[in-house]
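*Asks:*
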Amino acid sequence: MLELPLLLPLLIWLLVSMVYDLRYRELPANLTMIPLALAGIYALLMHGAWISVGFAAALILISDLEPRQRRLLFAGVIAAFVVIFEPAAFAQIIILLTIWLLWDFGAMGGADAKLLFVIGLTVQQPVVFVLIALAGGIQGLVALLLHRKEIPFVVAIFVGVAIFALDQLVLKIL
1 MLELPLLLPL LIWLLVSMVY DLRYRELPAN LTMIPLALAG IYALLMHGAW
51 ISVGFAAALI LISDLEPRQR RLLFAGVIAA FVVIFEPAAF AQIIILLTIW
101 LLWDFGAMGG ADAKLLFVIG LTVQQPVVFV LIALAGGIQG LVALLLHRKE
151 IPFVVAIFVG VAIFALDQLV LKIL
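Numbering of the sequence shown is given in full-length UniProt numbering, commencing with residue 1 and proceeding in unit increments.
1) Quick check on Gly120: does DSSP put it in helix, strand or coil?
2) Could you compute how far the alpha carbon of Val83 sits from the alpha carbon of Phe74?
3) If we call anything under 7 Å between Cβ atoms a contact, is Leu115 one with Ile157?
4) Tell me which residue opens and which closes the alpha helix (DSSP H) that Lys172 is part of.
5) Work out the CA separation of Leu38 and Leu45 for me, nearest whole Å.
6) Could you give the distance in angstroms between the alpha-carbon of Ile51 and the alpha-carbon of Trp103?
7) Of the residues Val127, Val159, Leu134 and Glu150, which one's Cα is nearest the Cα of Ser17?
8) I think Asp112 touches Val154, with their Cβ atoms under 8 Å apart; what is that distance to the nearest whole Å?
9) Alpha carbon to alpha carbon, how far is Gly110 from Ala57? Give it in angstroms, no decimals.
10) Report the residue from Leu4, Leu6, Leu11 and Glu3 whose alpha carbon sits nearest the alpha carbon of Ala162.
11) Tell me the start and end of each unbroken alpha helix (DSSP H) in the stretch 71-137 that is at least 4 residues and wholly inside, in chain order.
This is how it looks when you write it as structure tokens:
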């Protein structure tokens with residue numbers, strides 16, 4: 001179970017990010033990079049997740065590698081080695097790789113990818129991404145019904161993490 005004192009700052013940060021993104025349609029680097037660095041430090045100190053942190057850092061470092069085929073091959077090779085040598089990290093690595101691929105192919109913005117990296121490194125529970133995906137699906141249906149071209153994905157990220165936090169709170173109370 002995730003430590004509840006961590007969930008409140010995470011939710012506040014996501015709320016600030018959501019409001020900022022809804023208002024300006026972009027997030028400043030300070031609002032994503034500083035929490036990403038802090039999430040990496042937290043994952044190292046609290047979970048000993050040096051493999052996930054190293055993999056996330058490697059993905060960020062190769063993001064500008066050209067041509068695309070080279071960075072995709074490099075990401076795939078790193079992921080394969082990580083999973084071979086640390087099978088327990090399989091879910092975490094697949095989640096981080098999927099987020100990075102969605103960003104690399106333009107299906108997601110860089111800020112959204114960094115938000116999800118922070119969540120992945122701090123929460124360390126894949127179910128939160130299922131909740132985010134469900135919230136994203138509902139968000140897409142709402143956008144379709146309202147004839148809106150798009151709603152920033154940070155809304156679904158916030159809602160998914162908020163549902164996860166409520167679930168954790170209920171589990172803690174019971």
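Even for Gly, the Cβ is constructed at its ideal location relative to N, Cα and C.
Quick caveat, the model's predicted, so the values are computed rather than measured.
*Replies:* On the basis of the coordinates in this document:
1) In the structure shown, Gly120 falls within a helical segment according to DSSP collapsed to helix, strand and coil.
2) Cα-Cα distance, rounded: 14 Å.
3) Yes, the pair counts as a contact, with Cβ atoms nearer than the cut-off.
4) Following the DSSP letters along the chain, one finds Lys172 inside the alpha helix (DSSP H) bounded by residues Val154 to Ile173.
5) Approximately 10 Å, taken between the alpha carbons.
6) Going from the Cα of Ile51 to the Cα of Trp103 covers about 21 Å.
7) Taking only the C-alpha atoms, the option nearest Ser17 is Val159.
8) Between Val154 and Asp112 the Cβ distance is about 6 Å, and since that is below 8 Å, they are a contact.
9) In a straight line, the C-alpha of Ala57 is about 14 Å away from that of Gly110.
10) That would be Leu11, whose Cα lies nearest to the Cα of Ala162.
11) DSSP assignment within the stretch 71-137 yields the following whole alpha helix (DSSP H) runs of 4 residues or more, N-terminal first: 90-104 and 110-123.
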